[in-house]
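Chains as they are written, first to last, in the numbering used here: chain A, 1 to 94; chain B, 1 to 84.
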């Protein structure tokens, strides 16, 4: 039950992030939508997978994978935004 | 759990549409980042659901390689690579 709630919430966040990536008009807006809601959705689905079926042997690897995703995703988003800003790419209304 | 997999697959296809269509090169990079995130989560769900722990190691390597590729491509585009 807990894993169902957590995974459903994470899937909802992923869906909202996909909607933002598809519908926003600007690189920076899309980066904001993707960077926030994808991170939360991925982390929620991962936590739902960890609590699925009690403590098992592969849960340590799942925890390491969650740590790795939470470490690398904001760095990648920041790097893309910095690359677009340094090249002088103008957003909507700038 | 199949509904979560269905939602992830649908959003993977939608993000790949942005990767094909994106007006600028940074849109494609962002879509690649999101698509690799969804692929990693799908790999983890498959590994736990089917009881194959090998796929978790595959997912860890996938995260590291996609992060490396995104950082290198963003750095190349920052210094004048690409076309727009």
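Think of the CB as a built atom: it goes at the ideal place given N, C-alpha and C, for glycine as much as any other residue.
No experiment lies behind these values; they were computed from the predicted model shown.
| query | result |
| --- | --- |
| From the beta carbon of residue 36 of chain A, is the nearest beta carbon of chain B less than 7 Å away? | no |
| Consider the Cβ of residue 25 of chain A: report whether some Cβ of chain B lies at a distance smaller than 7 Å. | no |
| Keeping to the same chain, check which residues put their C-beta closer than 7 Å to that of residue 48 of chain B; ignore five residues upstream and five downstream. | none |
| Grouping DSSP H, G and I as helix and E and B as strand, with all else coil, what is residue 24 of chain A? | coil |
| What are the boundary residues of the alpha helix (DSSP H) that includes residue 77 of chain B? | 54-78 |
| Please classify residue 55 of chain A as buried or exposed, where buried requires at least 16 other C-beta atoms within 10 Å of its C-beta. | exposed |
| So which residues of chain A does residue 16 of chain B contact, with C-beta pairs closer than 9 Å? | Result: empty, since nearest Cβ-Cβ is about 11 Å, beyond 9 Å. |
| 7 Å is my cut-off, CB to CB: does residue 21 of chain A come that close to chain B? | yes |
| Could you tell me the distance, in whole angstroms, from the CA atom of residue 75 of chain A to the CA atom of residue 35 of chain B? | 16 Å |
| Helix, strand or coil: which one does DSSP assign to residue 23 of chain B? | coil |
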